[in-house]
Amino acid sequence: MTGDGAKSFILLLSALLRGLQASVEKGTGRQTTCHNSSGRGKQASQEVRKVANCLLTFQTQVLDGIIKQHFGQHVTSLFSNNGQTMSKDQMNLLMEAYFCGKTGNGDCRFLSQMACDYFFKCNCEQERDTGLNLICTQFLELHTAVTGLPVRCSRILEGLVLHRDFTVYCPADGHFKALVVTEPVQPSFSGTTLHLRSESQLQSCYSWISNRVEEVITSLQRNQVKLILSSVKQSDLVIYHAKLRGISVLECVEGEELSVFCHLNGVLPLAACWDIPHIRQEHLATMTFCKPVLLGSHRYAHVGFLNKTDFNSHCLVLCGPILGLTEQYVSAFQGAFRMLQQACEPVCLWNSHRLHSKHSVRGAHKTSCSLKSALKSEAGSVLPVGGVFEFLLHHYLKLYSKQDVESDTKTACNIIAEAVLNIPRSVYREKGTNRQFLEVHTKFARDIKIKGQICGWLDFNESVSCKYQLLVSVLQCLHTLVSLDFLVHSSRRTHTGVECESEDSD
């Protein structure tokens, strides 16, 4: 599968459970000496755990060696010859396959091209790990969802879109400064008691506050500040003086958006607004533009700035005709960059040569922990979609099981070899009939036997690293499931209301 792996996880786990059950029934039926049901059940449970323990050590003893020794001759790389530059063509093939699995064939090419353009516009190639990590962790702040427009209206905007409208907007030309504040600019007297004996004292207090605000705004104007980004609401007096001095104000900006803005600009937010007259350059961001932008039915603030990091900030505008489709496109984009991040990481393989001796599960785990990352497969390795990874793994596991290996290892190889075929079998069943799967599998077996390589597959690719991690996760989940002794049902009452409590009690 080329989507997020959820369906593949279920297909593989269910196939492994069926294979495990069949293997145990075959073994206990042949070896059992118990004639009562409880004795046979206990013996079957012990056999299940024994095979599951073998499957857990399968990763270190068999899988890593097969990936390292045999898959290298079949994979292609996302990177160019020097191993540093991302190939845009290869990346597009990987992305298009992913979007086909997530959104269907209609818009997958447009979305994959847009994702590739975004990657390169953000200059992620220079610092690939940092750039992809920023996109994945701050995707909420780096995109804007627009409902009511066709997906083809989606586009990439330079800079950031802050999801608030300007309280005060004053056009600004050329480079100017912006200040991020987290407190009201007007002095606050909360918690302070004022003893006023006359109306003149009250007027003097108002006058002092007004003069103080005017002094602060004038100080900002002298420092070429033409934009105030505030996480809190400012007073009418601040808004008035800002408008008078030609300073735009954006209020109630989300904290995460301000954090991303400060990170990309290399500046610090100003918490104590009393310090504004003595402001330092570390609090001032250099801006190239700020303007309102209308996206769908909402108006936001669109800002551009001189980046202080290698990441060249851009914002994704993702459109969809209805809310559900828009959310699907947003989820697909976020998943695509997570998949790309995983694909760009090498598969951490464990040293399989020193683990072929007989160890207990605990001993094997302890030994393998000391040898972690001893081997690594090449980062960016990809294979054609359509079941190639599963067919290759099935082929080499069958070959390995025919060697002189322990019976438990042979059993594990056969269980997993048959289970992985459940994924391509499901894919081809959705497209046609089971006969198509058999034809494809037969052609693959013939090519690998006669030519020693795979031929005639689709150009779309999927990540070896993602496939590997999926298989390992399923094996760990399987071991956890069969290690359970009891399932205890608990009826926990919630405190959200009578309706929820009645549903729980039912």
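In my numbering, each residue carries its 1-based index in the sequence shown increased by 1428.
Quick reminder that beta carbons are idealized off the backbone N, C-alpha and C, glycines included.
All values reported here derive from a predicted model rather than from experimental measurement.
Distance CB(Cys-1701)-CB(Val-1609) smaller than 8 angstroms: For the purposes of this step, residue 1701 is taken as residue 273 along the sequence shown, with counting starting at 1. For the purposes of this step, residue 1609 is taken as residue 181 along the sequence shown, with counting starting at 1. Yes, the pair counts as a contact, with Cβ atoms nearer than the cut-off.
May I ask you to report which of helix, strand or coil DSSP gives Arg-1766? The residue you call residue 1766 lines up with position 338 of the sequence shown. Helix at Arg-1766.
Do three or more CB pairs link the region 1651–1661 to the region 1561–1574 at distances below 8 angstroms? no
Around the C-beta of Lys-1454, are 16 or more other C-beta atoms found within 10 angstroms, so that it is buried, or is it exposed? Looking up residue 1454 in the sequence shown gives position 26. Exposed.
In the DSSP assignment, the alpha helix (DSSP H) including Ser-1658 goes from what residue to what residue? For the purposes of this step, residue 1658 is taken as residue 230 along the sequence shown, with counting starting at 1. It is not in any alpha helix (DSSP H) - Ser-1658 instead sits in the beta strand (DSSP E) that spans 1653–1658.
Pick helix, strand or coil for Lys-1435, following the three-state DSSP scheme. Numbered from its first residue, the sequence shown carries residue 1435 at position 7. Lys-1435 falls in the helix class under three-state DSSP.
What residue range is occupied by the uninterrupted beta strand (DSSP E) comprising Glu-1890? Position 462 of the sequence shown holds residue 1890. Note, Glu-1890: beta strand (DSSP E), 1889–1891.
Helix, strand or coil at Gly-1683 according to DSSP, with G and I counted as helix: On the sequence shown, residue 1683 is found 255 positions in, with the first residue counted as 1. Of the three classes helix, strand and coil, the one that applies to Gly-1683 here is helix, per DSSP.
Quick check on DSSP: helix, strand or coil for Ser-1451? Walking along the sequence shown from the start, residue 1451 turns up at place 23. If DSSP states are grouped into helix, strand and coil, Ser-1451 belongs with the helices.
Determine, using beta carbons only, whether Met-1514 and Ala-1543 come nearer to each other than 8 angstroms. For the purposes of this step, residue 1514 is taken as the residue at position 86 of the sequence shown. For the purposes of this step, residue 1543 is taken as the residue at position 115 of the sequence shown. Not a contact, by the Cβ cut-off of 8 angstroms.
Spell out the partners DSSP gives Leu-1585 in its beta bridges. Along the sequence shown, read from residue 1 onward, the residue named residue 1585 stands at position 157. BP columns for Leu-1585 point to Cys-1743.
Less than 8 angstroms between the CB atoms is what I'm expecting for Cys-1894 and Gly-1433, so what's the real figure, rounded? Working through the sequence shown from its first residue, we reach residue 1894 at position 466. Working through the sequence shown from its first residue, we reach residue 1433 at position 5. Confirmed, about 7 angstroms.
Do you know whose CA, among Leu-1588, Cys-1581, Phe-1538, Gly-1529, lies nearest Cys-1944's CA? Residue coverage of the chain in this structure runs from 1429 to 1934, which leaves residue 1944 outside it and unanswerable.
Give me the Cα-Cα distance between Tyr-1828 and Ala-1847, rounded to the nearest whole angstrom. Counted from its first residue, the sequence shown places residue 1828 at position 400. Counted from its first residue, the sequence shown places residue 1847 at position 419. Near 16 angstroms, if we compare the C-alpha coordinates of Ala-1847 and Tyr-1828.
C-beta contact flag for Tyr-1728 and Leu-1746 at 8 angstroms: Stepping through the sequence shown from its first residue, residue 1728 is reached at position 300. Stepping through the sequence shown from its first residue, residue 1746 is reached at position 318. By the CB criterion at 8 angstroms, Tyr-1728 and Leu-1746 fall outside the cutoff.
heavy atom of the ligand FAD below 7 angstroms from Lys-1530 C-beta: For the ligand FAD, the structure offers nothing, since it holds no ligand at all.
Return the CA-CA distance between Val-1868 and Gly-1576, expressed in angstroms with no decimal places. Taking the first residue of the sequence shown as 1, we reach residue 1868 at position 440. Taking the first residue of the sequence shown as 1, we reach residue 1576 at position 148. Using only the alpha carbons, I get a separation of about 42 angstroms.
Give the single residue among Lys-1478, Cys-1905, His-1669, Arg-1650 whose Cα lies nearest to the Cα of Ile-1637. The sequence position of residue 1637 within the sequence shown is 209, counting from 1. Ranking the options by Cα distance to Ile-1637, first place goes to His-1669.
C-alpha gap between Leu-1521 and Tyr-1856, whole angstroms: Within the sequence shown, numbered from 1, the residue matching residue 1521 stands at position 93. Within the sequence shown, numbered from 1, the residue matching residue 1856 stands at position 428. Going from the Cα of Leu-1521 to the Cα of Tyr-1856 covers about 20 angstroms.
Does DSSP classify Ser-1835 as helix, strand or coil? Within the sequence shown, residue 1835 is the residue found at index 407, counting from 1. Three-state result, Ser-1835: helix.
Pairwise C-alpha distance: Met-1519 and Val-1666: As a first step, residue 1666 must be located in the sequence shown, where it is residue number 238. As a first step, residue 1519 must be located in the sequence shown, where it is residue number 91. Rounded to the nearest angstrom, the two C-alpha atoms are 49 angstroms apart.
Closest by CA to Glu-1611, which one among Leu-1562, Gly-1529, Pro-1697, Leu-1585? Position 183 of the sequence shown, counted from the start, is the residue given in the question as residue 1611. Of the candidates Leu-1562, Gly-1529, Pro-1697, Leu-1585, the one whose C-alpha sits nearest the C-alpha of Glu-1611 is Pro-1697.
Measure the Cβ-Cβ separation of Leu-1898 and Ser-1451 and say whether it is below 8 angstroms. Here residue 1898 refers to the residue found at position 470 of the sequence shown. Here residue 1451 refers to the residue found at position 23 of the sequence shown. Cβ atoms of Leu-1898 and Ser-1451: not closer than 8 angstroms.
Three or more C-beta pairs under 8 angstroms: does that hold for the region 1474–1492 against the region 1826–1846? Under the three-pair Cβ rule at 8 angstroms, the region 1474–1492 counts as touching the region 1826–1846.
What three-state label does DSSP hand Val-1926 in the structure shown? Taking the first residue of the sequence shown as position 1, residue 1926 is located at position 498. Residue confidence for Val-1926 is low, a pLDDT of 43 falling below 50, so the modelled location carries little weight; the figure read from the coordinates is stated next. Helix, per DSSP.
If we ignore side chains and look at the alpha-carbon of each, how far apart do Thr-1565 and Leu-1590 end up? In the sequence shown, counting from the first residue as 1, residue 1565 sits at position 137. In the sequence shown, counting from the first residue as 1, residue 1590 sits at position 162. Annotation: Thr-1565 to Leu-1590 spans about 17 angstroms, alpha carbon to alpha carbon.
Can you tell me which residues form a DSSP beta bridge with Phe-1733? The residue given as residue 1733 occupies position 305 in the sequence shown. Per DSSP, Met-1715.
Inspect the beta-carbon positions of Gly-1732 and Thr-1714 and report whether they are closer than 8 angstroms. Here the question's residue 1732 lines up with position 304 in the sequence shown. Here the question's residue 1714 lines up with position 286 in the sequence shown. Taking C-beta atoms as the reference points, Gly-1732 and Thr-1714 fail to come closer than 8 angstroms.
Nearest-angstrom Cα distance between Glu-1684 and Ile-1563? Sequence index remark: in the sequence shown, residue 1684 carries index 256 (1-based). Sequence index remark: in the sequence shown, residue 1563 carries index 135 (1-based). The alpha-carbon atoms of Glu-1684 and Ile-1563 are separated by roughly 13 angstroms.
Can you say whether Ser-1632 is buried or exposed, counting buried as having 16 or more other CB atoms within 10 angstroms of its CB? Position 204 of the sequence shown, counted from the first residue, corresponds to residue 1632. Label assigned to Ser-1632: exposed.
Between the C-alpha atoms of Pro-1774 and Glu-1806, what's the straight-line distance to the nearest angstrom? Position 346 of the sequence shown, counting from 1, holds the residue named residue 1774. Position 378 of the sequence shown, counting from 1, holds the residue named residue 1806. Pro-1774 and Glu-1806: Cα-Cα distance of roughly 5 angstroms.
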